[in-house]
Amino acid sequence: MLKRLIKTLIKNEYVQDQLRLVYNSAKTVTPNLLLEEIKLRKNGLPDGFPFPPQKLIFTVIAIPWVSEFYKSGKIIFDDMMKMFELNKIDIKDNSNILDFGCGCGRIIRHFAAKNKYNLFGSDLNPDLISWCGKNLSFGKFSVNNLVPPLNYPDNFFDLIYARSVFTHLGKELQQEWIAEMKRILKPGGIFYFTAHGKITISPLSKSEQELFNKDEIVLHNSFGEGGNKYSSYQSYKWTTENLLNGFDLAGFHEGGSNPHLKQDVYIFRKL
80 MLKRLIKTLI KNEYVQDQLR LVYNSAKTVT PNLLLEEIKL RKNGLPDGFP FPPQKLIFTV
140 IAIPWVSEFY KSGKIIFDDM MKMFELNKID IKDNSNILDF GCGCGRIIRH FAAKNKYNLF
200 GSDLNPDLIS WCGKNLSFGK FSVNNLVPPL NYPDNFFDLI YARSVFTHLG KELQQEWIAE
260 MKRILKPGGI FYFTAHGKIT ISPLSKSEQE LFNKDEIVLH NSFGEGGNKY SSYQSYKWTT
320 ENLLNGFDLA GFHEGGSNPH LKQDVYIFRK L
């Protein structure tokens with residue numbers, strides 16, 4: 080009976096998340112990290128904006144640390160700006176910018192620190208959006224569904240970015256969302272997104288890796304599309320052949336050029 084109870088508990092998603100929280104916390108904690116956590120929780124983050132509760136931070140980055148939440152968002156933001164500079168993409172003042180899959184504001188807060196853009200955030204998770212709406216006054220936040228459309232007018236955004244969003248979608252939904260990005264971007268507007276590329280395929284089975292190397296999209300843990308546990312892997316060839324409709328490829332950077340960032344980066348420009 081005890082064994083049956085343990086098996087039932089282990090299969091429970093809430094219990095799984097709590098066990099993962101404890102394990103990931105123990106695996107990543109260091110004395111220096113704890114000191115930094117105490118300092119930030121007491122004095123606040125460098126940008127002056129509120130930080131989310133531990134539960135929401137864990138939902139987004141799978142560890143509960145405020146310091147890592149802030150630093151990882153800054154690393155992504157700085158890398159994005161570097162990619163735009165390398166590809167001669169100028170994000171002008173007063174641009175309309177959408178963080179598609181904004182979570183609890185990990186990246187968008189670094190755009191807000193520049194204080195020169197009109198910022199919007201959208202996410203599938205209503206708890207994350209609720210927190211953003213109540214605590215991040217610099218942006219307008221809304222919940223989206225798993226499938227399009229979004230509640231924005233045609234030709235509205237200058238820049239949309241989606242960090243680690245298409246990594247949780249299959250072929251059909253990726254194509255539907257690409258069409259939606261095209262609808263709401265201005266002509267010449269930029270869509271920046273990431274995908275699991277060649278450097279990330281080690282978790283895949285041998286047969287899955289063979290499919291990837293044949294330029295087919297691979298769905299790993301293919302249940303709960305749109306959720307964190309659903310993962311898709313796709314090559315440069317597959318991505319450009321299946322998603323580039325209505326766009327030019329303005330930039331591509333293979334994952335690993337920044338040691339902290341493993342996903343491939345694609346920058347599409349609307350025709």
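So for the sequence shown, our numbering puts the first residue at 80; every next one is plus one. For each residue, glycine too, the CB sits at the ideal point set by N, CA and C.
Can you tell me the Cβ-Cβ gap for Phe190 and Lys219, rounded? I've got them flagged as a contact below 8 Å.
Numbered from 1 along the sequence shown, position 111 holds the residue referred to as residue 190. Numbered from 1 along the sequence shown, position 140 holds the residue referred to as residue 219. The Cβ separation is near 13 Å, so there is no contact.
CA-to-CA distance, Thr319 to Ile278, given in whole angstroms
Sequence index remark: in the sequence shown, residue 278 carries index 199 (1-based). Sequence index remark: in the sequence shown, residue 319 carries index 240 (1-based). Each residue's Cα considered, the two are about 18 Å apart.
Terminal residues of the alpha helix (DSSP H) in which Asn166 lies
Counted from its first residue, the sequence shown places residue 166 at position 87. Careful: Asn166 lies outside any alpha helix (DSSP H) and carries neither H nor E.
Which residue spans inside the region 202-230 form an unbroken beta strand (DSSP E) run of at least 3?
218-222
Go through its chain and collect everything with a Cβ distance to Ile231's Cβ below 8 Å, but skip five positions before and after it.
In the sequence shown, counting from the first residue as 1, residue 231 sits at position 152. As written in the sequence, residue 231 is Tyr, which differs from the Ile given in the question. Answer for Tyr231: Leu177, Phe199 and Ile263, listed in chain order.
DSSP on Gly152, reduced to helix/strand/coil?
Here the question's residue 152 lines up with position 73 in the sequence shown. Shown here, Gly152 sits in a helix according to DSSP, grouped into three states.
Which word fits Phe270, buried or exposed, when buried means at least 16 other C-beta atoms lie within 10 angstroms of its C-beta?
By 1-based counting over the sequence shown, the position of residue 270 is 191. Result: buried.
Three CB pairs or more closer than 8 Å across the region 147-164 and the region 130-137
yes
CA-to-CA distance, Ser221 to Lys213, given in whole angstroms:
On the sequence shown, position 134 is the one that residue 213 refers to. On the sequence shown, position 142 is the one that residue 221 refers to. The alpha-carbon atoms of Lys213 and Ser221 are separated by roughly 12 Å.
Cβ-based neighbour list, Ser217, same chain, cut-off 7 Å, excluding 5 preceding and 5 following:
For the purposes of this step, residue 217 is identified with residue 138 of the sequence shown, where counting begins at 1. It is worth fixing the name first, because residue 217 is Phe in this sequence and not Ser. So the list reads Ala191 and Leu198, once near-sequence residues are dropped.
Taking just the CA atoms, how far does Cys183 sit from Leu84?
Numbered from its first residue, the sequence shown carries residue 84 at position 5. Numbered from its first residue, the sequence shown carries residue 183 at position 104. For Leu84, the predicted structure reports a pLDDT of 48, less than 50, and the residue's modelled location is therefore unreliable. A value from the coordinates is still provided. C-alpha separation (whole angstroms): 35 Å.
Excluding the five sequence neighbours on either side, which residues of its own chain have a C-beta within less than 6 Å of the C-beta of Asn324, listed in chain order?
Here residue 324 corresponds to residue number 245 of the sequence shown, with the count starting at 1. Nothing listed; no residue qualifies.
For Lys349, is the classification buried or exposed, using 16 other Cβ atoms within 10 angstroms of its Cβ as the cut-off for buried?
Numbered from its first residue, the sequence shown carries residue 349 at position 270. Lys349 comes out buried.
At the level of alpha carbons, what is the spacing between Gln253 and Leu322?
The residue given as residue 253 occupies position 174 in the sequence shown. The residue given as residue 322 occupies position 243 in the sequence shown. Each residue's alpha carbon lies about 8 Å from the other.
So the candidates are Tyr309, Leu114, Val226 and Pro266; which of them puts its Cα closest to the Cα of Phe236?
Your numbering for residue 236 matches position 157 in the sequence shown. A check of alpha carbon separations from Phe236 across Tyr309, Leu114, Val226 and Pro266 identifies Pro266 as the nearest.
If you drop the 5 nearest sequence neighbours on each side, which residues of the same chain put their C-beta closer than 8 Å to that of Asp172?
Indexing the sequence shown from 1 puts residue 172 at position 93. Around Asp172: Lys195 and Tyr196.
Considering only C-alpha positions, which residue in the set Leu113, Leu238 and Ile154 is nearest to Met260?
Position 181 of the sequence shown, counted from the start, is the residue given in the question as residue 260. Residue Leu238 is the option with its Cα nearest to Met260.
Report buried or exposed for Thr273, applying the criterion of at least 16 other Cβ atoms within 10 angstroms of its Cβ.
Reading the sequence shown from its first residue, position 194 is the one you call residue 273. Thr273 should be labelled buried.
Quick one: residues in its chain with C-beta nearer than 6 Å to the C-beta of Ile89, no 5 flanking neighbours on either side, listed in chain order?
Looking up residue 89 in the sequence shown gives position 10. Confidence at Ile89 is low in this model, with a pLDDT of 47, below 50, so the placement of that residue should be treated as unreliable; the coordinate-derived value is given next. Correct list: empty, nothing qualifies.
Using the three-state DSSP reduction, which class does Arg242 fall into: helix, strand or coil?
To locate residue 242, count along the sequence shown from 1; it is residue 163. The answer is coil: DSSP assigns Arg242 none of H, G, I, E or B.
Note the first and the last residue of the continuous alpha helix (DSSP H) segment covering Ile263.
Numbered from 1 along the sequence shown, position 184 holds the residue referred to as residue 263. Looking at the DSSP string, the run of the alpha helix (DSSP H) that includes Ile263 is Lys250 to Ile263.
Whole angstroms is fine: what's the gap from Lys293's alpha carbon to His299's?
Position 214 of the sequence shown, counted from the first residue, corresponds to residue 293. Position 220 of the sequence shown, counted from the first residue, corresponds to residue 299. So the alpha carbons of these two residues sit roughly 16 Å apart.
Would you give the residue range spanned by the beta strand (DSSP E) that Ile176 belongs to?
Position 97 of the sequence shown, counted from the first residue, corresponds to residue 176. Asn175 to Phe179 is the span of the beta strand (DSSP E), which, as asked, contains Ile176.
Look up Ile286 in the DSSP assignment and say whether it is helix, strand or coil.
As a first step, residue 286 must be located in the sequence shown, where it is residue number 207. For the record, residue 286 in the displayed sequence is Ser; it is not Ile. Note: Ser286 maps to helix in three-state DSSP.
For the candidate residues Thr246, Asn204 and Glu289, whose alpha-carbon lies nearest to that of Cys181?
Counted from its first residue, the sequence shown places residue 181 at position 102. Comparing Cα positions, the closest option is Asn204.
With 16 other CB atoms within 10 Å as the buried threshold, where does Asp343 fall?
Mapped onto the sequence shown, residue 343 falls at position 264. When all chains shown are included, Asp343 counts as buried.
What are the boundary residues of the alpha helix (DSSP H) that includes Lys349?
Numbered from 1 along the sequence shown, position 270 holds the residue referred to as residue 349. Looking at the DSSP string, Lys349 is not in any alpha helix (DSSP H); the run it does join, the beta strand (DSSP E), is Asp343 to Lys349.
What's the call for Arg242, buried or exposed, on a 16-neighbour Cβ count within 10 Å?
Stepping through the sequence shown from its first residue, residue 242 is reached at position 163. With 16 or more other Cβ atoms within 10 Å, it is buried.
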